[in-house]
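Residues are numbered in the numbering used here as their position in the sequence shown, beginning at 1, plus a constant of 907.
Every residue gets a Cβ at the ideal spot worked out from N, C-alpha and C, and that includes glycine.
Being a predicted model, the structure only gives us computed values, none of them experimental.
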Amino acid sequence: MTVAPAHPAQPIAIIGGGPAGLMAADILSAAGHAVDLYDAMPSVGRKFLLAGVGGMNITHSEAAAPFLSRYREAAPWVGRWLAEFDAQALRDWIHDLGIDTFVGSSGRVFPTDMKAAPLLRAWLRRLREQGVTLHTRHRWLGWGEHQQLRFSSPQGEVSVAPAATLLAMGGGSWARLGSDGSWAPLLAEQGVTLRSLRPSNCGFISPWSAFLSERFAGQPLKQIIATTRSPDGELISRRGEAILTHDGLEGSLIYALSAALREQLEAGTRAQLTLDLAPDHTQAQLQQALSQPRKGQSLSNLLRKKAGLDGVKVALLHECLSKDAIADTHALTAGIKALPITLTGTRPLDEAISSAGGVCRSALDDQLMLNALPGTFCAGEMLDWEAPTGGYLLTACFASGRHAAHGMLNWLKDHN
């Protein structure tokens, strides 16, 4: 084993090169501290770059109160971070890197060129100018006998004793990009309270027939409203688009409801979802339109013309309603407006966009330092909170990294 030489001003160690870790490195290096950032992958920001495929949704322009509500029971905790660095502050920070942003029609905020790579390049350039040293292909192994950090590296095992440490290694989704949750048992051994990592912003399983699965898998369900209930019985509805998969449903609309659906599954064996397949028609309008004589038209053609239902929606009606319900106009229109879908499980954690669970709030102080490990802080998806896609997840990751960095500055000032 080699031991890294001591720095005249002992560096701060950041483990994890995602948004939270990079933001903390930015704050700490700008304050004059030497920063060593370690990442297990060959390059940093890999999951951040993947999030930018198809358009880098960096944050959301929603007003503060509804924005904060997206974090559900963690809103009071996340609100502390966002009070210091909200969506507008994030946009201003991006502009300071020389990247312009715009607000899309949905309220989502994007870089002008819609790409993550230029933003990451500009950010890394600034970090290098501020003296941050990147150590890639360094996988954290935990702590040594004297609480030094241990890493496996291309040169063998390396041990370092930093002035302070930030853990920002992501959650448990997309292991191939570095977020594999391998840190959880290492923290548990140190007495840190954790909640198990579970899928968030994920797809769900429903046992479709072979016909539906083979014929319509991969097709979009456009302009629908999905509704479910929270554990306390509150109805939650969202409008958008979903994808019918070979064994269930996924897509942004489903991700927005994933926390409530997952909690139903955790409480029992199934989750219930209803789909409004024709949100721009009332049930009375549909009833009237579908009660007219068909004049030789097939039901599928009539549903297309009168209710705006395409082939995949019609097939889903046949999948979920009985033959008698399909033949009864009242039952059919009720099904179009509230089609019952039974979900029996989530897709695997590694397929999820993000994860729920992680380091519990009770394990940390207000500055995101671990109570069991003074001088060691946590940020990002390692913490026990979750948020839907749409920029909310990234915004809180950035804000938590900034909040933890300021906590580290305060701690270092008090301990030097």
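Residue i versus residue j: straight-line alpha-carbon distance, rounded
i        : j        : result
Ser-1103 : Ala-1263 : 8 Å
Ala-913  : Lys-954  : With a pLDDT of only 36 at Ala-913, under the threshold of 50, the placement of this residue in the model should not be trusted; the figure read from the coordinates follows. Their backbone Cα atoms lie some 32 Å apart in a straight line.
Leu-1301 : Ile-965  : 6 Å
His-1322 : Thr-1072 : 14 Å
Trp-1050 : Val-1099 : 14 Å
Gln-1037 : Ala-1029 : 13 Å
Gly-1282 : Asp-1272 : 11 Å
Thr-1019 : Ser-1205 : 47 Å
Thr-1043 : Arg-1083 : 15 Å
Leu-1216 : Trp-1318 : 60 Å
Ala-972  : Leu-1119 : 41 Å
Pro-915  : Ala-1166 : Note that Pro-915 scores a pLDDT of 43, beneath 50, so its modelled location is shaky; the value from the coordinates is reported in the next line. Approximately 47 Å, taken between the alpha carbons.
Ala-938  : Ala-1070 : 15 Å
Leu-1142 : Gly-1158 : 20 Å
Val-910  : Trp-1047 : Only weak support exists for where Val-910 lies, its pLDDT of 37 falling under 50; the coordinates are left without a value.
Leu-1031 : Phe-1009 : 22 Å
Met-908  : Ser-950  : With a pLDDT of only 39 at Met-908, under the threshold of 50, the placement of this residue in the model should not be trusted, and no figure is reported.
Gln-1097 : Trp-984  : 23 Å
Leu-1277 : Trp-1292 : 16 Å
His-1045 : Ser-1207 : 58 Å
Ala-1303 : Glu-1170 : 22 Å
Arg-1057 : Ala-1174 : 39 Å
Glu-1148 : Trp-1000 : 31 Å
Contact check, residue i vs residue j, beta carbons under 8 Å
i        : j        : result
Arg-987  : His-1310 : yes
Leu-935  : Met-1315 : yes
Phe-1111 : Leu-1156 : yes
Arg-1145 : Leu-1160 : yes
Gly-928  : Gly-1242 : no
Asp-1257 : Trp-1090 : no
His-967  : Ala-996  : no
Phe-1305 : Met-948  : no
Leu-956  : Leu-1027 : yes
Pro-1295 : Arg-977  : yes
Leu-1093 : Leu-1101 : no
Leu-1209 : Arg-1201 : yes
Of the listed residues the options, nearest to residue i (C-alpha basis)
i        : options                                   : result
Leu-1172 : Arg-1201, Leu-1224 and Arg-1254           : Arg-1254
His-1313 : Ala-981, Tyr-978, Phe-992 and Leu-1128    : Phe-992
Leu-1224 : Ala-1185, Gln-1199, Ala-1191 and Ser-1198 : Ala-1185
Tyr-1162 : Gly-1298, Asp-1087 and Leu-929            : Gly-1298
Ser-1086 : Ala-1306, Ala-1279 and Pro-926            : Pro-926
His-1153 : Ser-1113, Ala-1196 and Ala-1133           : Ser-1113
Ser-1261 : Cys-1109, Phe-1017 and Gly-1203           : Cys-1109
Ile-1131 : Asp-1003, Lys-1220, Gln-1097 and Ile-1006 : Lys-1220
Ile-1006 : Leu-1041, Ala-1117, Glu-1170 and Ala-1024 : Ala-1024
Assumed close pair residue i, residue j - CB separation to whole angstroms, cut-off 8 Å
i        : j        : result
Leu-1325 : Leu-1128 : Past the edges of the chain, shown from 908 to 1323, lies residue 1325, and the structure says nothing about it.
Thr-1193 : Ala-1214 : Sequence check: residue 1193 is Leu here, not Thr. With 8 Å as the limit, Leu-1193 and Ala-1214 qualify as a contact, their Cβ atoms being about 6 Å apart.
Gln-1054 : Ser-1066 : That pair is no contact at about 10 Å.
Gly-952  : Gly-1077 : Their Cβ separation, rounded to whole angstroms, is 11 Å, which puts Gly-952 and Gly-1077 out of contact at 8 Å.
Ala-1259 : Pro-1106 : 4 Å
Leu-989  : Leu-975  : 7 Å
Thr-1134 : Leu-1197 : Not quite, the Cβ-Cβ distance comes to about 22 Å (not below 8 Å), so this is no contact.
Ala-932  : Val-1039 : 5 Å
Trp-1115 : Glu-1226 : 6 Å
Lys-1244 : Gln-1199 : Wrong, their Cβ atoms sit about 18 Å apart, outside the cutoff.
Any chain B beta carbon closer than 8 Å to residue i
i        : result
Glu-1121 : Of the chains in the structure shown, none is chain B; there is only one protein chain.
Answer yes if the segment 1117-1127 comes into contact with the segment 1254-1268, meaning at least three C-beta pairs across the two stretches below 8 Å, and no otherwise. Short answer: they don't touch.
I'd like to know if the segment 1174-1182 and the segment 1241-1251 are in contact, where contact means that at least 3 CB-CB pairs between them fall below 8 Å. yes
So, do the segment 934-953 and the segment 916-926 have three or more beta carbon pairs nearer to each other than 8 Å? Inter-segment contact for the segment 934-953 and the segment 916-926 is present: three or more beta-carbon pairs are separated by less than 8 Å.
Count the C-beta pairs between the segment 1221-1235 and the segment 1051-1069 that are closer than 8 Å, then say yes if the count reaches three, no if not. No, the segment 1221-1235 is not in contact with the segment 1051-1069.
Does the segment 958-975 come into contact with the segment 1277-1292, if we say contact requires no fewer than three beta-carbon pairs (one atom in each stretch) closer than 8 Å? no
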